[in-house]
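Heads up: the structure comes next, in structure tokens.
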Amino acid sequence: DRFCQERIFGPLGMKDTAFFVPEEKWSRLAVLYAPKQDGTVERSIYPAQESFKKKPVLLLGGAGSVSTIDDYARFCMMLLNGGQLDGVRILSRKTVELMRSDHLGNLPHAGLLNDGEGFGLTFAINLGPGKSGEIGSEGIFRWGGAAGTTFWIDPKERMFGVFLMQVLPQSGNTIGQQFMRLAYQALVD
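The letter at position 109 of the sequence shown is residue 457 when you use this note's numbering, and the numbering goes up by one with no holes.
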């Protein structure tokens with residue numbers, strides 16, 4: 349957590365991102381919901397928020413962090429800008445290019461990706477609208493987190509989207525994809 353704080357979160361001004369939530373911020377944790385059979389949701393009995401109230405024994409770096417939409421947006425803007433934001437370079441431009449390049453080729457992806465997607469370094473990569481069946485640009489990179497959180501970055505359109513929700517289990521929820529479609533449908537030249 350010190351590495352992420354010193355090298356990523358701090359320099360990017362991500363003041364509300366960490367691997368646990370300090371007590372003075374507990375009231376800001378989102379409520380977790382669970383889907384019901386009728387398509388609605390109800391407050392979950394799973395105490396997910398409790399797990400973020402203490403520092404984990406094992407930090408995974410690429411998973412398990414908690415954040416806000418403002419901090420998440422700063423992270424996306426850094427990636428969209430080729431590794432830098434507000435004059436602070438976090439990653440080299442070439443590292444970001446490598447991260448958003450498909451490394452799977454024709455290897456099977458065991459259902460972890462959608463059709464027409466490859467995988468870079470931590471991101472699913474859209475291999476083209478005709479291949480993926482999704483509106484958007486070739487080269488969009490995206491990923492999601494627990495409880496429905498998702499983000500996507502489109503270098504060609506110079507835009508990104510962050511969608512936060514708190515519903516577990518997901519069970520085929522596509523609201524994040526609908527959000528992305530609506531964003532692209534709203535584009536005008």
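Each residue gets a CB set at the ideal place from its N, CA and C atoms; glycine is no exception. In this text, all values refer to a predicted model and were calculated from it rather than measured experimentally.
Distance, residue j Cα to residue i Cα
i	j	result
Glu371	Ser413	16 Å
Met425	Leu360	10 Å
Arg437	Val379	34 Å
Ile393	Phe508	33 Å
Ser480	Leu469	19 Å
Asp364	Asn454	39 Å
Lys403	Ser415	15 Å
Pro591	Ile473	Any question about residue 591 goes unanswered here, given that the chain covers just 349 to 537.
Tyr532	Val510	14 Å
Cys352	Asp434	18 Å
Ile417	Leu512	7 Å
Leu535	Gln432	25 Å
Ala382	Trp374	20 Å
Ser350	Thr443	The sequence shown places Arg at residue 350, rather than the Ser named in the question. Approximately 22 Å, taken between the alpha carbons.
Ile523	Arg441	32 Å
Cβ neighbours of residue i in the same chain (closer than 7 Å, five flanking residues each side left out)
i	result
Leu475	Asp450, Gly464, Glu465, Gly466, Glu486
Leu452	Gly466, Phe467
Residues bridged to residue i (per DSSP)
i	result
Gln432	Arg437
Arg490	Ala472, Trp500
Gly466	Ile473
Phe508	Ile501
Val414	Ala366
Same chain, Cβ closer than 6 Å to residue i, neighbours up to 5 away in sequence not counted
i	result
Lys384	Glu390
Thr497	Leu512
Contact with chain B by residue i, beta-carbon distance below 8 Å
i	result
Ala458	No chain B appears in the structure shown, which is made up of a single protein chain.
Sufficient close CB pairs (3 or more, under 8 Å) joining the stretch 514-528 to the stretch 483-503: Output reads yes: the stretch 483-503 touches the stretch 514-528.
Those runs of the beta strand (DSSP E) which lie wholly inside the stretch 359-401 and span at least 3 residues: 381-383, 389-391, all fully within the stretch 359-401.
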